[in-house]
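Chains U and X, in that order, are what the protein sequence lines are. If you count by full-length UniProt numbering, then the first sequence holds residues 1 to 511, one letter each, in order. If you count by full-length UniProt numbering, then the second sequence holds residues 1 to 445, one letter each, in order. Ideal Cβ placement from N, Cα and C applies to all residues, glycine included. Quick notes on the structure that follows.
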Amino acid sequence: MATKQAHAEAARAERSEELLSPSELFHARSRSHKIPVRGQKEFLPTGSEQQKTHLQKSLQEHWTLVAEERVERLGNLVNAEWIPEEKLVKLQSPAGKFWQTMGFSHCGKQCLLPEEALYLMECGNVQVFYQDLPLSIQEGYERFLSPETVTLHQYQVFGHLKRLGYVVNRFDPSTVPSLYERQLNLPLSRDRQNKQLKRKRSHSPGSRSCEKQTSIPQEDTAVGPCEDVLTGEPHQTIQSKKEQDEPMDSGSHVDRAPERNWWTAASSQSRSMTGLPAALPWDFRLISFPDLGSSRAARTCLAAPDPELLPGALQVGECKMASWLTKLNLKEEKLSRRERERQRERDRYKRSVNDDREVRRCTNWAEYLELMKKRRRQRCKERPAHLWEKDVTPLSQPGLCTSHRELLEEVSIIQSSHLLEEASKLPQLDQWRIIFNVYQPDTVADFKKSHPGNPYTRMCVCSFDGPVPDLRVMKQLSFQSADIPVTFAVVDHGDISFYCFKEFKLPSDFY
Amino acid sequence: MSTEVSEKPGEEGGSTGGGTGIVGTRYDLEKETELRFEVESGERVQLELLTGMGEVFGSELNRNKRYTFGPGSKIAVFTWQGCSLSLSGKTEVAYISKDTPMLLYLNTHAALEQMRRQAERDNERGPRVMVVGPTDVGKSTVCRVLLNYAVRLGRRPTLVELDVGQSSVSVPGTMSALCIERPADVEEGFSVQAPLVFHFGSTTPGTNIKLYNKLTSCLAEVFSQRCEVNRRASVGGCIINTCGWVKGSGYQALVHCASAFQVDVVLVLDQERLYNELKRDLPHFVRVVLLPKSGGVVERSKDCRRETRDDKIREYFYGFRGTSFYPHAFDVRFSDVRIYKIGAPSIPDSCLPLGMSQDDTQLKLVPVSPGRDLTHHVLSVSCVEDEVDGGSGQSRGILESPVCGFIVVTAVDTQAQVMTVLSPAPRPLPRHTLLIMDIRFIDLK
């Protein structure tokens, strides 16, 4: 049995010397595993004795917990060695079950990243030696965590997620397909995925020459100008095709009977309706219709029509209208009571359009419709003065927009934008970067380090002391992350909160 | 009614010109009378003109030619000069009536013809006539008579069919325009070549009155543009057949149609109330005329209307009396077509966004995900170009595009994601935008 705690110097001798006696073992096993309860947070020192003792007690509990000796079976421990030059931990005995989700092979050796090694040390799975001496957990924290590997905050997030069961990987920006690949919808090449494992640490600033070799030929897959040519051109051709086809729009019976086209000349489109000649006012005194509704119907006797007007030069006699007057309204009209009431109302109050002198002056439809349009416009002009007569007027004219979407477009002063718009042009940022890929716990069973698939989310670690990410950061990070959402883990002295930004569109229309 | 039924026993084939041994009943008609008969269901009746001249809804009969009328036909043979006819087969009723308004209709035609002459002389457009009236007053028949008379005088009038329930041009649920170049066939009606058809999707305009009015405007615009480039069509004018719905929104739709087509004459059949209202709501330069309905018009039951609709669709696929066309059946993958329904289901006003009215949803295109409930539905194949992409621009395009044909879904296989369709043309579909109708057609017989 081996024990590890703060006093590593004492363990300078052989490990086997730290065997525990049976009574000590029993004692260790029957130890209470309860984690001290933290209770309510104290926000302000009140100076009271009660608060003081409470804090003291709580602190004491934590110190005892931290100082507690950990007891593990020697056979369960995997031996490993810390290589400070490469900032990684090489395993010296075969890896345990953790190998499924952690570690990587490098130059034929099984290796662990510092944060993984530290986490496994804390779990009691790995014992790490440096200069043939076992490292204590405290030493692990001191040696493994650095700005070149991972920071304390990042490790806290890593540990937190690991303890919750998530699979957490370092994020490598080169594994995300480029914009060009995304547009083409290229599958991730196998080659690239295989590389991923070995290049895992490549974006870590402290990475060594061995990794750099593999990481170099990366971004050259995205060919800038080619992209424009490929995506730009088809778009144009579609456009022009559309333009050509448009005049044919409503005349498509061409296929069936080309000789009978509803359109005989393409130019007809260009001529507008308003260009129609004003319809002539028919002189209905000369053109006589057999109108049973007119007041003279009873006395009218229709003269025989000119045979020239009739098919087959028919000769017909005159026609007495009177007899037909009794044969009207043969078809009974079924009206409900409400309809009848409304009918009576209309008959009483509704005035004929022809009572209007202006309407009487119109001689054809064009004039009449023009008049109606003018009146409608006038009605528009009679708008409340307090709204329209000042410098600031409503953004939209009433009746101008027919749909909700149109209205929104009309009043939108700030154009809505998409998060990824122009993100590709933003320069790389140093202080903000995605650090981890996070996979959900339920995928652990089938998780393959060589084919991790799409992560559940990507993690960016920051502190409550630091600045809040701005739009520029958001754009850049979400561009880097492609389709995967980015979560911000905010660390406040060991407390971790997770935040993410959601993009949403204002509702503009519905179907 | 003062009908003079002169049923004289047929004098056997020998004495008459073309009666080749078949026993027919002979009818002798005086001038300006008509023979009305209905064919019993499941029966056929043959008509032959023996002497004189006669016409069926304005189309002249040839002497010694046998005309066959199928079950359910309701025919009136009118004669201006007097004629004798022979009928063979089982008729439900057959009688001669003196009491016909044909003379009034003829006078109406004469007046319209005067207008056409004036239009021709003055280089103006010809009369645009709207025929309105409640259901079962003979609107379609009056249209047919007037069109036949006009075309017999060498005019080229246009029939605008706005009756979505009983379209005489295309399948029900459509609004269409047809350019008339020859008189209607006595048996088949007008020859339907290259009509302009718009998809409406239902048999009553009330289901989507907004769409109905919009399509009316579309038709009017296309017709006006045609008049500009085609002088004969302009002089010929148009005759608009409307729905029998003359109350409420139906009435408003008539007024809208009158202004969209800028009609010159409105023929009101049989209803004084409608006549008075139109006189009040249409400007003075529109001539509103009240005409009686013919006593021969029979009321059709709901079932009868449904059957006529069914027959009309069958005729589209199989030809007249199901003999001349052979439609194709083939599979269409769901992924190859886009199916839409026009008009979102109505939502209570309280659920609508602020400031939005119910009308806005009526012209929306709602994508339909293909499923088993598609079976037996009639789909219109829209003429809209497949490549058109983008949101609102496209939806407007589809609404306003005419239809190039119809298909019926005969089976749906959700597993294989295909549907089997009945189509007048072999595969592939000419376009891939389909509009679903409320109308169903079950391909029996």
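Best match in the options for proximity to residue i [C-alpha to C-alpha]
i: residue 24 of chain U; options: U:71, U:66, U:34; result: U:71
i: residue 134 of chain U; options: U:498, U:451, U:29, U:81; result: U:81
i: residue 167 of chain U; options: U:474, U:363, U:157, U:176; result: U:157
i: residue 247 of chain X; options: U:174, U:139, U:285, U:343; result: U:343
i: residue 35 of chain U; options: U:313, U:59, U:83, U:307; result: U:59
i: residue 99 of chain X; options: X:76, X:141, X:436, X:236; result: X:76
i: residue 85 of chain U; options: U:143, U:341, U:309; result: U:143
i: residue 41 of chain U; options: U:28, U:20, U:31, U:55; result: U:55
i: residue 344 of chain X; options: X:118, X:85, X:207, X:169; result: X:207
i: residue 336 of chain X; options: X:275, X:51, X:418; result: X:418
i: residue 331 of chain X; options: X:323, X:261, X:317, X:408; result: X:408
i: residue 169 of chain X; options: X:416, X:424, X:316, X:380; result: X:316
i: residue 365 of chain U; options: X:261, X:266, X:431, X:150; result: X:261
i: residue 131 of chain U; options: U:107, U:32, U:139; result: U:139
i: residue 74 of chain U; options: U:62, U:66, U:126; result: U:126
i: residue 517 of chain U; options: U:53, U:43, U:374, U:120; result: Nothing in the structure corresponds to residue 517 of chain U, since chain U is present only between 1 and 511.
i: residue 290 of chain X; options: U:309, U:306, U:307, U:330; result: U:330
i: residue 339 of chain U; options: X:377, X:320, X:133, X:273; result: X:273
i: residue 400 of chain X; options: X:322, X:406, X:271, X:211; result: X:211
Beta carbon of residue i nearer than 8 Å to that of residue j
i: residue 477 of chain U; j: residue 434 of chain U; result: yes
i: residue 412 of chain X; j: residue 375 of chain X; result: yes
i: residue 328 of chain X; j: residue 426 of chain X; result: yes
i: residue 369 of chain X; j: residue 433 of chain X; result: no
i: residue 239 of chain X; j: residue 146 of chain X; result: yes
i: residue 53 of chain X; j: residue 81 of chain X; result: yes
i: residue 29 of chain X; j: residue 96 of chain X; result: yes
i: residue 156 of chain X; j: residue 179 of chain X; result: yes
i: residue 68 of chain X; j: residue 46 of chain X; result: yes
i: residue 100 of chain U; j: residue 488 of chain U; result: no
i: residue 352 of chain U; j: residue 280 of chain X; result: yes
i: residue 144 of chain X; j: residue 119 of chain X; result: no
i: residue 220 of chain X; j: residue 196 of chain X; result: no
Identity of the residues DSSP links to residue i by a beta bridge
i: residue 29 of chain X; result: X:83
i: residue 500 of chain U; result: U:487
i: residue 467 of chain X; result: Any question about residue 467 of chain X goes unanswered here, given that chain X covers just 1 to 445.
i: residue 111 of chain U; result: U:90, U:104
i: residue 426 of chain U; result: Note: residue 426 of chain U sits in no beta bridge, so no partner.
i: residue 48 of chain X; result: X:66, X:86
i: residue 457 of chain U; result: U:438
i: residue 495 of chain U; result: U:492
i: residue 37 of chain X; result: X:75, X:94
For residue i, the first and last residue of its enclosing beta strand (DSSP E)
i: residue 437 of chain U; result: 436 to 439
i: residue 436 of chain X; result: 433 to 440
i: residue 114 of chain U; result: Counting along the chain, residue 114 of chain U falls outside any beta strand (DSSP E), though it belongs to the alpha helix (DSSP H) covering 114 to 123.
i: residue 378 of chain X; result: 377 to 382
i: residue 68 of chain X; result: 66 to 69
i: residue 422 of chain X; result: 418 to 423
i: residue 406 of chain X; result: 403 to 413
i: residue 340 of chain X; result: 338 to 342
i: residue 367 of chain X; result: 365 to 367
i: residue 291 of chain X; result: 287 to 291
Unbroken alpha helix (DSSP H) run spanning residue i, endpoints
i: residue 153 of chain U; result: 152 to 163
i: residue 303 of chain X; result: 302 to 318
i: residue 331 of chain X; result: Element bounds for residue 331 of chain X: not the alpha helix (DSSP H) but the beta strand (DSSP E), 328 to 333.
i: residue 234 of chain X; result: 231 to 236
i: residue 140 of chain U; result: 137 to 144
i: residue 127 of chain U; result: Not the alpha helix (DSSP H): residue 127 of chain U falls in the beta strand (DSSP E), residues 126 to 130.
i: residue 479 of chain U; result: 471 to 481
**Prompt:** Mind pulling the alpha helix (DSSP H) runs of 4 or more residues that sit fully within the stretch 277 to 359 of chain U?
**Reply:** 322 to 325, 337 to 349
**Prompt:** Along the chain, which unbroken stretches of the alpha helix (DSSP H) at least 4 residues long are found entirely within the stretch 14 to 80 of chain U?
**Reply:** 22 to 29, 49 to 67
**Asked** Curious, which full-length alpha helix (DSSP H) runs of at least 4 residues does the stretch 239 to 276 of chain X contain?
**Response** 248 to 261
**Those runs of the beta strand (DSSP E) which lie wholly inside the stretch 153 to 227 of chain X and span at least 3 residues** = 158 to 161, 174 to 179, 196 to 199
**Message:** Ignoring anything shorter than 4 residues, give me the alpha helix (DSSP H) runs that lie fully in the stretch 363 to 395 of chain U, in order along the chain.
**Reply:** 365 to 381, 385 to 388
**Every unbroken beta strand (DSSP E) inside the stretch 74 to 131 of chain X [3 residues or more]** = 74 to 79, 83 to 88, 91 to 97
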